[in-house]
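**Student:**
Residue numbers (my numbering): 126 to 525.
#1: Output needed for residue 224: all residues of its chain with C-beta closer than 6 Å, excluding positions within five of it in sequence on either side, in chain order.
#2: Would you kindly check if the distance between the Cβ of residue 402 and the Cβ of residue 353 is under 8 Å?
#3: DSSP state of residue 385, grouped into three classes?
#4: State buried or exposed for residue 230, treating a residue as buried only when at least 16 other CB atoms are found within 10 Å of its CB.
#5: Per DSSP, which residues does residue 278 bridge with? Please list them.
#6: What beta strand (DSSP E) runs, 3 residues minimum, are completely inside the region 222-298?
#7: So residue 419 is in the beta strand (DSSP E); what residue range does that whole segment cover?
#8: Under the assumption that residue 355 contacts residue 334 (Cβ atoms under 8 Å), give the Cβ distance between them as a whole number of angstroms.
#9: Applying the criterion that 16 or more other CB atoms from any shown protein chain within 10 Å of the CB defines a buried residue, is residue 379 buried or exposed?
#10: Residue 467 lies in the beta strand (DSSP E); which residues open and close that run?
#11: What's the call for residue 409, buried or exposed, on a 16-neighbour Cβ count within 10 Å?
#12: Quick check for students: name the residue ranges of the alpha helix (DSSP H) that lie wholly in the region 307-381, counting only runs of 4 or more.
#13: Taking residue 217 as the reference, which of 234, 413, 239 has the closest Cα?
#14: Pick helix, strand or coil for residue 458, following the three-state DSSP scheme.
#15: Compute the distance between the beta-carbons of residue 187 and residue 263, then report whether it is under 8 Å.
#16: Among 189, 179, 199, 178, whose alpha-carbon lies nearest the alpha-carbon of residue 461?
#17: Residue 201 bridges to which residues according to DSSP?
#18: Residue range of the beta strand (DSSP E) that residue 214 falls in?
#19: Throw me the rounded Cβ distance for the residue 258 and residue 195 pair, which I believe falls under 8 Å.
#20: Closer than 6 Å by C-beta to residue 293: which residues in its own chain qualify, once you throw out the five before and the five after it? Chain order, please.
#21: Here's the rule: buried if 16 or more other CB atoms are within 10 angstroms of the residue's CB, otherwise exposed. What is residue 323?
#22: When the Cα atoms are used, what is the spatial distance from residue 215 to residue 289?
#23: Use the C-beta contact count for residue 404: other C-beta atoms within 10 angstroms, 16 or more gives buried, fewer gives exposed.
#24: Are the Cβ atoms of residue 527 and residue 301 separated by less than 8 Å?
#25: DSSP three-state label for residue 305, please.
#26: Determine the closest residue to residue 273 out of 227, 470, 399, 375, with distance taken between C-alpha atoms.
#27: Using CA coordinates, which residue listed in 207, 246, 344 is at the minimum distance from residue 453?
#28: Would you list the one or two residues that DSSP bridges to residue 409?
#29: Going by other Cβ atoms of all chains shown within 10 Å of its Cβ, with 16 needed for buried, is residue 286 buried or exposed?
#30: Are the CB atoms of residue 384 and residue 191 nearer to each other than 8 Å?
#31: Return the residue from the list 219, 457, 391 that minimises the CA-CA distance to residue 422.
#32: Note down the Cα distance separating residue 412 from residue 327, rounded to an integer number of angstroms.
#33: Measuring alpha carbon to alpha carbon, tell me which residue in 296, 242, 349, 177 is nearest residue 250.
#34: Express the C-alpha separation of residue 361 and residue 245 in angstroms, rounding to a whole number.
#35: How many whole angstroms separate the CB atoms of residue 303 and residue 455, which I take to be in contact at a CB cut-off of 8 Å?
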């Protein structure tokens with residue numbers, strides 16, 4: 126599977142709150158969402174044709190003592206035509222910003238108007254999904270209130286009822302880890318989401334971060350691929366179903382809270398990137414958007430000998446006499462993210478093609494250098510981040 130892990134330091138401590146927007150965009154790089162220039166924002170005009178955009182909000186609960194986290198506005202084009210001129214408007218009028226503040230996700234792509242800001246988003250083809258993470262920063266105590274987001278586009282929308290979502294912002298009265306997952310559609314290309322031809326391979330990226338106030342000492346990841354898509358190789362430590370479309374993997378490294386991840390010289394991390402090599406079947410429908418892909422993350426905490434917890438964050442295995450159990454996540458609404466695989470017209474080629482598997486160097490170039498936010502001048506290369514650790518298993522087993 127050429128499983129690549131990229132660990133990145135991220136911090137939301139008080140001293141780095143001025144950089145929280147930059148850090149949020151870096152985390153959002155895995156979502157492959159693009160912005161349009163702020164000057165291009167205008168009230169969407171009705172145009173010929175219609176398509177159904179659906180909007181949901183997740184990740185709006187903060188751990189008891191955390192300084193901030195990312196929430197996510199997810200937009201899906203459920204129609205049959207490309208949605209153009211898409212804008213998302215955030216309404217903070219029911220949010221007490223003296224308790225939790227929400228900075229604009231992107232100063233260049235969003236326009237502020239009192240308690241509202243509107244962000245332009247790149248076009249979405251039928252079946253495409255885009256995640257727009259936004260930052261919640263705790264600045265006081267009390268009841269925060271709620272956030273409302275609305276999506277609109279240039280065409281008519283036959284199901285306007287799913288264009289608006291309101292989510293209560295909560296500050297939990299308990300401590301704990303808070304895992305957040307982002308999994309963009311496949312394949313990621315410069316300029317947005319590309320296509321992969323039937324019979325060819327592509328890379329599935331996903332990212333897991335801990336925005337809680339307690340560490341996890343291990344991870345359990347479940348990756349479900351869409352129909353007609355399979356894993357290229359199987360990794361030791363993962364279990365696969367009979368169709369080779371579902372993998373359940375356990376990892377004995379941990380993730381500390383983002384608030385604690387301020388030392389760039391240590392081996393403790395609050396965020397990890399993953400990539401799987403996947404293949405689209407030769408008889409897959411094309412052109413098509415294969416949905417049904419899901420990535421889920423669950424944290425594991427030590428149930429015995431808690432005094433060794435800090436030393437086990439980066440361990441390859443738990444010490445003798447130590448057992449792991451499922452961590453109670455502060456906000457389970459953002460532990461799962463869906464993705465789709467976009468298949469090119471048969472015989473027309475795709476944006477991906479067969480990917481050579483030549484070890485760590487190929488993984489570094491293809492896995493890190495291509496993980497970008499595409500569109501509107503907002504391009505963040507993960508290779509620009511300050512710390513990268515690669516772990517490529519030696520005992521992978523080809524499946525084909």
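For each residue, glycine too, the CB sits at the ideal point set by N, CA and C.
If you're wondering where the values come from, they're calculated on a predicted model, not measured in any experiment.
**Tutor:** By the coordinates alone:
#1: As a first step, residue 224 is located in the chain shown; it is residue number 99 there, counting from the start. So the qualifying residues of the chain are 265, 267, 269.
#2: Within the chain shown, numbered from 1, the residue matching residue 353 stands at position 228. Within the chain shown, numbered from 1, the residue matching residue 402 stands at position 277. Residue 402 is positioned such that its CB atom lies no closer than 8 Å to that of residue 353.
#3: In the chain shown, the residue the question calls residue 385 occupies position 260. For residue 385, the three-state secondary structure derived from DSSP is helix.
#4: Reading the chain shown from its first residue, position 105 is the one you call residue 230. So residue 230 ends up on the buried side.
#5: What you label residue 278 is simply residue 153 of the chain shown in a count that begins at 1. DSSP lists no beta-bridge partner residue for residue 278.
#6: Within the region 222-298, the beta strand (DSSP E) runs of at least 3 residues that lie entirely inside it are, in chain order, 235-238, 241-246, 254-263, 270-277, 289-296.
#7: For this step, residue 419 is matched to residue 294 along the chain shown. That run of the beta strand (DSSP E) goes 413-427.
#8: The residue given as residue 355 occupies position 230 in the chain shown. The residue given as residue 334 occupies position 209 in the chain shown. At roughly 28 Å, the Cβ-Cβ gap does not stay under 8 Å, so residue 355 and residue 334 are not in contact.
#9: Residue mapping note: residue 379 aligns to position 254 of the chain shown, counting from 1. Buried, because 16 or more other Cβ atoms sit within 10 Å of the Cβ of residue 379.
#10: Locating residue 467 in the chain shown gives position 342, counting from the first residue. Where residue 467 is concerned, the enclosing beta strand (DSSP E) stretches over 461-468.
#11: Walking along the chain shown from the start, residue 409 turns up at place 284. With 16 or more other Cβ atoms from the protein chains shown falling within 10 Å of its own Cβ, residue 409 counts as buried.
#12: Segments of the alpha helix (DSSP H) lying fully in the region 307-381: there are none.
#13: Residue mapping note: residue 217 aligns to position 92 of the chain shown, counting from 1. Ranking the options by Cα distance to residue 217, first place goes to 239.
#14: Within the chain shown, numbered from 1, the residue matching residue 458 stands at position 333. Note: residue 458 maps to helix in three-state DSSP.
#15: Along the chain shown, read from residue 1 onward, the residue named residue 187 stands at position 62. Along the chain shown, read from residue 1 onward, the residue named residue 263 stands at position 138. A contact, by the Cβ cut-off of 8 Å.
#16: Along the chain shown, one-based indexing puts residue 461 at 336. It is 199 whose Cα lies nearest to the Cα of residue 461.
#17: Position 76 of the chain shown, counted from the start, is the residue given in the question as residue 201. According to DSSP, residue 201 shares a beta bridge with 179, 254.
#18: Stepping through the chain shown from its first residue, residue 214 is reached at position 89. Looking at the DSSP string, the run of the beta strand (DSSP E) that includes residue 214 is 211-216.
#19: Here residue 258 corresponds to residue number 133 of the chain shown, with the count starting at 1. Here residue 195 corresponds to residue number 70 of the chain shown, with the count starting at 1. Indeed, because the Cβ distance is near 4 Å, the residues count as touching under 8 Å.
#20: Walking along the chain shown from the start, residue 293 turns up at place 168. Excluding the 5 residues flanking it on each side, residue 293 has same chain C-beta neighbours closer than 6 Å at 271, in chain order.
#21: On the chain shown, residue 323 is found 198 positions in, with the first residue counted as 1. Residue environment: residue 323 is assigned as buried (16 or more neighbouring CB atoms within 10 Å of its CB, all protein chains considered).
#22: Against the chain shown, residue 215 aligns to sequence position 90. Against the chain shown, residue 289 aligns to sequence position 164. Cα to Cα, residue 215 sits roughly 10 Å from residue 289.
#23: Reading the chain shown from its first residue, position 279 is the one you call residue 404. Its Cβ being crowded by 16 or more others within 10 Å, residue 404 is buried.
#24: For the chain, the structure presents residues 126 to 525; residue 527 sits outside this window and is missing.
#25: Here residue 305 refers to the residue found at position 180 when the chain shown is read from its first residue. Three-state result, residue 305: strand.
#26: In the chain shown, the residue the question calls residue 273 occupies position 148. It is 227.
#27: Along the chain shown, one-based indexing puts residue 453 at 328. Residue 453 has its Cα closest to that of 344, out of 207, 246, 344.
#28: In the chain shown, the residue the question calls residue 409 occupies position 284. Per DSSP, residue 409 has no beta bridge partner at all.
#29: Position 161 of the chain shown, counted from the first residue, corresponds to residue 286. Residue environment analysis places residue 286 among the exposed positions, since fewer than 16 neighbouring C-beta atoms fall within 10 angstroms of its C-beta.
#30: In the chain shown, residue 384 corresponds to position 259, counting from 1. In the chain shown, residue 191 corresponds to position 66, counting from 1. Contact: yes.
#31: On the chain shown, residue 422 is found 297 positions in, with the first residue counted as 1. Nearest of 219, 457, 391 to residue 422, Cα basis: 457.
#32: Taking the chain shown and counting its residues from 1, one reaches residue 412 at position 287. Taking the chain shown and counting its residues from 1, one reaches residue 327 at position 202. Taking the straight line joining both Cα atoms gives about 16 Å.
#33: As a working mapping, residue 250 is identified with position 125 in the chain shown. Nearest option by C-alpha distance: 177.
#34: Counting from one through the chain shown, the residue named residue 245 turns up at place 120. Counting from one through the chain shown, the residue named residue 361 turns up at place 236. Whole-angstrom Cα-Cα distance: 43 Å.
#35: Here residue 303 refers to the residue found at position 178 when the chain shown is read from its first residue. Here residue 455 refers to the residue found at position 330 when the chain shown is read from its first residue. The pair is a contact, with the Cβ atoms about 4 Å apart (cut-off 8 Å).
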